[in-house]
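Numbering (our numbering), first residue to last: 27 to 198.
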């Protein structure tokens, strides 16, 4: 009887934990941006934009509208709550593509919402987006590197090479 009781209690605990996890995720989904985006209306979700002018294609995780201005949010699941330069570049590219296609102005600041892959905690980071001319210079340099017209520079941190998609071509 005690084994049956222990199994029943264990099953009940697992069911409660599963319910709480599902409820927490649903609640979190409804409040992606916390206080920073409260009162702003969701207008884009998982939508792709293609700028004919710049050739930039970007998929928007979330776009919110407030007072005629679009605010972008990028969602990242990571081991640690931190942002990377690539996040800022990605949001900056999204801004250019959205403005070119939609015609409305996008805020100079964007948001990166990090979710810790271990415990599910979330943290909202506000970031300053790159000016368009800086973003376009990065785009041009990337195209020149991929076209073999200029050599790539070494990564600033050796760990960056581990996950690089061009590691085989680079041979570093």
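Glycine included, each C-beta is placed from N, C-alpha and C at the ideal position.
Mind checking residue i: buried by the 16 CB within 10 Å criterion, or exposed?
i: residue 79; result: exposed
i: residue 183; result: exposed
i: residue 186; result: exposed
i: residue 87; result: buried
i: residue 191; result: exposed
i: residue 174; result: exposed
i: residue 89; result: buried
i: residue 124; result: buried
On a CA-only basis, which of the options is nearest residue i? Give me that one, please.
i: residue 148; options: 157, 106, 172; result: 106
i: residue 62; options: 177, 158, 151; result: 151
i: residue 85; options: 60, 113, 104, 181; result: 113
i: residue 70; options: 122, 128, 157, 110; result: 128
i: residue 98; options: 175, 67, 104; result: 67
i: residue 77; options: 178, 158, 175; result: 158
i: residue 92; options: 75, 132, 169, 168; result: 132
i: residue 153; options: 100, 130, 124, 146; result: 100
In angstroms with no decimal places, state the Cα-to-Cα distance between residue i and residue j.
i: residue 195; j: residue 64; result: 45 Å
i: residue 19; j: residue 193; result: A query on residue 19 cannot be resolved here, the shown segment of the chain reaching from 27 to 198 and no further.
i: residue 172; j: residue 82; result: 16 Å
i: residue 164; j: residue 73; result: 23 Å
i: residue 6; j: residue 111; result: There is simply no residue 6 to check, as the chain begins at 27 and stops at 198 in what is shown.
i: residue 181; j: residue 94; result: 39 Å
i: residue 104; j: residue 28; result: 42 Å
i: residue 126; j: residue 75; result: 9 Å
i: residue 130; j: residue 160; result: 21 Å
i: residue 122; j: residue 96; result: 12 Å
i: residue 155; j: residue 30; result: 59 Å
i: residue 108; j: residue 179; result: 24 Å
What is the residue span of the beta strand (DSSP E) that residue i lies within?
i: residue 84; result: 83-92
i: residue 80; result: No beta strand (DSSP E) holds residue 80; DSSP gives it neither H nor E.
i: residue 176; result: Where residue 176 is concerned, there is no enclosing beta strand (DSSP E), given that its DSSP letter is neither H nor E.
i: residue 146; result: Premise fails: residue 146 is in no beta strand (DSSP E) and is neither H nor E.
i: residue 182; result: Premise fails: residue 182 is in no beta strand (DSSP E) and is neither H nor E.
At what residues does the alpha helix (DSSP H) containing residue i begin and finish?
i: residue 108; result: That residue, residue 108, is in no alpha helix (DSSP H); it is neither H nor E in DSSP.
i: residue 186; result: 185-188
### Task
May I ask you to verify whether the segment 115-122 touches the segment 132-140, counting CB pairs closer than 8 Å and requiring at least 3?
yes
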